[in-house]
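S.K.:
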Amino acid sequence: LDLWWVVEGDDLLLSFIYIICRNYRWTFTKLRIFAVIKMTEFETVKDQVSKRIQQASLEVNNVEFRPVIPDDIAAYESAKLSISNQNIQPEEGPKDRRIYKNESPLRLNNLIRKESINADLIIFNLPRPRGDMPTSRLLQILDAVTEQLTRVVVFRPPTDF
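The opening residue of the sequence shown carries number 80 in this note's numbering; numbering runs sequentially from there.
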């Protein structure tokens with residue numbers, strides 16, 4: 080069971096993982112957590128993430144912190160497309176799906192595929208979008224991040240809590 084946690088204040092996700100791991104079907108599974116953190120916030124957030132995991136009483140086999148450049152997770156922070164993303168050229172891929180080159184969610188997808196190729200289940204949190212990001216853009220990002228992954232649960236907490 081692999082959890083890809085694009086870090087933000089999301090304690091509900093850890094509670095969700097706790098409940099899944101207590102289910103009899105997942106009792107003896109190995110839980111690996113990959114915390115995706117911006118390079119600029121790496122040192123400060125790393126300790127906070129470790130504390131949250133410990134407070135959630137999760138039996139974690141492995142916790143890995145993945146520093147990424149801020150552009151890789153910037154799609155969640157702004158509704159505006161950057162200049163580099165405005166010049167995206169769609170390419171026809173398998174099953175007539177559109178694949179966007181040079182987009183940051185694809186880098187995150189490659190990282191997930193590399194590390195979680197043998198995972199029975201991949202849980203990925205979808206952080207709350209910042210600003211007034213259109214739903215179509217959010218679905219486009221989700222499609223790019225989950226491309227070629229099997230058994231993915233996408234978790235998005237409610238916005239008003």
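We put the beta carbon where it would ideally sit given N, CA and C, even for glycine. Computed from a predicted model, the values in this text were never measured in an experiment.
Measuring CB to CB, does A114 end up less than 9 Å from E143?
M.R.: The count along the sequence shown starts at 1 and reaches residue 114 at position 35. The count along the sequence shown starts at 1 and reaches residue 143 at position 64. For A114 and E143, yes; Cβs fall inside 9 Å.
S.K.: Assign V224 to one of two classes, buried (16 or more other C-beta atoms within 10 Å of its C-beta) or exposed (fewer than that).
M.R.: On the sequence shown, position 145 is the one that residue 224 refers to. The residue in question, V224, is buried, as its Cβ has 16 or more Cβ neighbours within 10 Å.
S.K.: Under DSSP, the beta strand (DSSP E) around D81 begins and ends at which residues?
M.R.: Here residue 81 corresponds to residue number 2 of the sequence shown, with the count starting at 1. Where D81 is concerned, the enclosing beta strand (DSSP E) stretches over D81 to V85.
S.K.: Within 10 Å of its beta-carbon, does F203 have 16 or more other beta-carbons around it, so buried, or fewer, so exposed?
M.R.: For the purposes of this step, residue 203 is taken as the residue at position 124 of the sequence shown. Burial call: buried.
S.K.: Have a look at D90, F121, S195 and K125 and flag the residue whose alpha-carbon is nearest the alpha-carbon of Q227.
M.R.: Numbered from 1 along the sequence shown, position 148 holds the residue referred to as residue 227. Out of D90, F121, S195 and K125, S195 has the C-alpha closest to the C-alpha of Q227.
S.K.: Under 8 Å by Cβ, that's how I've got T83 and I201 pegged, so tell me the actual separation to the nearest angstrom.
M.R.: In the sequence shown, counting from the first residue as 1, residue 83 sits at position 4. In the sequence shown, counting from the first residue as 1, residue 201 sits at position 122. As written in the sequence, residue 83 is Trp, which differs from the Thr given in the question. The pair is a contact, with the Cβ atoms about 7 Å apart (cut-off 8 Å).
S.K.: Taking 9 Å as the threshold (C-beta atoms), are A135 and I96 in contact?
M.R.: Here residue 96 is taken as the residue at index 17 of the sequence shown, counted from 1. Here residue 135 is taken as the residue at index 56 of the sequence shown, counted from 1. Cβ atoms of I96 and A135: closer than 9 Å.
S.K.: I need the DSSP call for I148, collapsed to helix, strand or coil.
M.R.: Taking the first residue of the sequence shown as position 1, residue 148 is located at position 69. Reduced to three states, the DSSP call for I148 is coil.
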